Amino acid sequence: MEDSVNSNGKDLNSDQHAKAFTTHSNVQILTHPDKRFFICEVCYKVFPEIWRLRRHFLTHTNPKPYSCDVCNKGFSEKRYLEAHYRNHTNEKPYSCNVCNKHFSEKRYLVAHYRIHTNEMFSCDVCNKQFTYRGVLKIHLRIHTNEKPYRCDVCSKEFAQKYKLNLHYRTHTNDKPYSCDICSKGFSTKTTLNDHYRTHTKEKPYSCNVCYKGFSQRNTLSEHYRTHTNEKNYSCDVCNKQFSRKIALNQHYRIHTKEKPYSCGVCNKRFSKKSALNQHYRTHTNEKPYSCNVCNKQFTRNSYLNKHFLTHENIKPDN
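The C-terminal position of the sequence shown is numbered 330 in this note's numbering, with every residue numbered one higher than the one before it.
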């Protein structure tokens, strides 16, 4: 067995400090003049109490005897199942005594309460604050560019494990979330919710500068950069900068000559989906942009704006 060292750097296996003996499979106890330590014989991690070791050992055996009767998700402990079940019932028994906000789990309430007490975890690089230490740790990977989770199919790397799991569905084509209006399938619940707003026309996210509404939070964030002129995405070929990642991806196709969007009528290919949509109107003769002065119609908004110049001293509505 490898040597075990306590938090003070002392060798717990030393004859001067401890006596070791095995109690049962995968558990070893070290007796020490001050206390006993419990060691996992799989990874040699040291624990001060036996119950902590037993709970830790589940990470090796991974039994999940408690199963949700709604979604069949498995859990190692009954308390985790009970907490999870509130996601289905929308029960929120824990309430903040400052702002009366409700939470499904006590740990969420404890984290939320730090907002009121100002006991936040702060990033020492950009000073952004977080209610969870673990979330701060994940955030720091933005600065370090650390991506510890790698896809075993395409080798793409991710900073967060859940993003790897979501990405993996692009290989399996797993789409467990389905729209109850048009039956379109989605790999995540978030993308389903975003899609659903295309039916309801709901735009719950509003810009506090120009008050333009958006159906998705990330679209609002990208739009907001048009006001701040912030450009976080840079092309590694020509160094041109962009405020949106999708704009960088589209620009990058100038260098790769990639044209992933194909016309179903004439097979002409395009680097942007918007360009394909505009081209497709040459087949359908659709003209969605209309002049509010003379009612002349156009296939593109840019053509409409150019046409407006023919009407002196009149500005377009858009």
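Where is the CB? At the ideal position from N, CA and C, for every residue including glycine.
Values in this document were obtained by computation on a predicted structure and should not be read as measured data.
Distance cut-off 7 Å: residue i Cβ against heavy atoms of the ligand FAD
{"i": "LEU316", "result": "Questions concerning the ligand FAD fall outside what the structure shown contains, since it holds no ligand whatsoever."}
Residue i classed as buried or exposed, judged by whether at least 16 other C-beta atoms fall within 10 angstroms
{"i": "THR101", "result": "exposed"}
{"i": "LEU65", "result": "buried"}
{"i": "THR268", "result": "exposed"}
{"i": "THR156", "result": "exposed"}
{"i": "CYS83", "result": "exposed"}
{"i": "CYS194", "result": "exposed"}
{"i": "SER255", "result": "buried"}
{"i": "CYS52", "result": "buried"}
{"i": "THR184", "result": "exposed"}
{"i": "TYR56", "result": "exposed"}
{"i": "GLU89", "result": "exposed"}
{"i": "GLU242", "result": "exposed"}
{"i": "THR311", "result": "buried"}
{"i": "GLU234", "result": "buried"}
{"i": "SER283", "result": "buried"}
{"i": "TYR245", "result": "buried"}
{"i": "SER167", "result": "exposed"}
{"i": "LEU10", "result": "As shown, the chain starts at 13 and ends at 330. That puts residue 10 outside it, with no answer to give."}
{"i": "LEU316", "result": "buried"}
Assigned secondary structure, residue i (DSSP; H/G/I helix, E/B strand, else coil)
{"i": "ARG312", "result": "coil"}
{"i": "HIS114", "result": "strand"}
{"i": "HIS146", "result": "The question names His, but residue 146 is Gly in the sequence shown. Note: GLY146 maps to helix in three-state DSSP."}
{"i": "GLN262", "result": "helix"}
{"i": "SER190", "result": "strand"}
{"i": "ILE234", "result": "Sequence check: residue 234 is Glu here, not Ile. Residue state, collapsed to three classes: helix."}
{"i": "ARG126", "result": "helix"}
{"i": "PHE33", "result": "Note that PHE33 scores 38 on pLDDT, short of 50, meaning its location in the model is unreliable; the coordinates nonetheless yield the value given after this. It is a strand residue."}
Candidates the options, of which the one nearest residue i by Cα
{"i": "ILE62", "options": "PHE50, THR73, SER195", "result": "PHE50"}
{"i": "GLY276", "options": "THR311, HIS291, GLN262", "result": "HIS291"}
{"i": "LYS104", "options": "GLU117, LYS285, CYS80, THR73", "result": "GLU117"}
{"i": "VAL249", "options": "ASN261, ASN241, SER255", "result": "ASN261"}
{"i": "THR212", "options": "CYS52, GLN228, CYS83, ARG98", "result": "GLN228"}
{"i": "LYS201", "options": "ARG91, LYS187, ALA259, THR322", "result": "LYS187"}
{"i": "TYR106", "options": "LYS318, TYR125, LEU93", "result": "TYR125"}
{"i": "TYR97", "options": "SER199, ASP81, ASN109", "result": "ASP81"}
{"i": "VAL165", "options": "THR182, TYR174, ILE150, LYS159", "result": "THR182"}
{"i": "ASN297", "options": "ALA123, ASP192, ASN289", "result": "ASN289"}
{"i": "ASN99", "options": "CYS111, PHE115, CYS108", "result": "PHE115"}
{"i": "LEU176", "options": "THR73, CYS191, ALA95, SER199", "result": "SER199"}
{"i": "ASP206", "options": "TYR264, PRO75, CYS303, ASN230", "result": "ASN230"}
Residue i: first and last residue of the uninterrupted alpha helix (DSSP H) it sits in
{"i": "ALA287", "result": "285-296"}
{"i": "TYR208", "result": "201-212"}
{"i": "ARG256", "result": "Counting along the chain, ARG256 falls outside any alpha helix (DSSP H), and DSSP gives it neither H nor E."}
{"i": "HIS183", "result": "173-184"}
Could you give the uninterrupted runs of the beta strand (DSSP E) lying entirely in the segment 48-120, keeping only those of 3 residues or more?
Correct list: 48-52.
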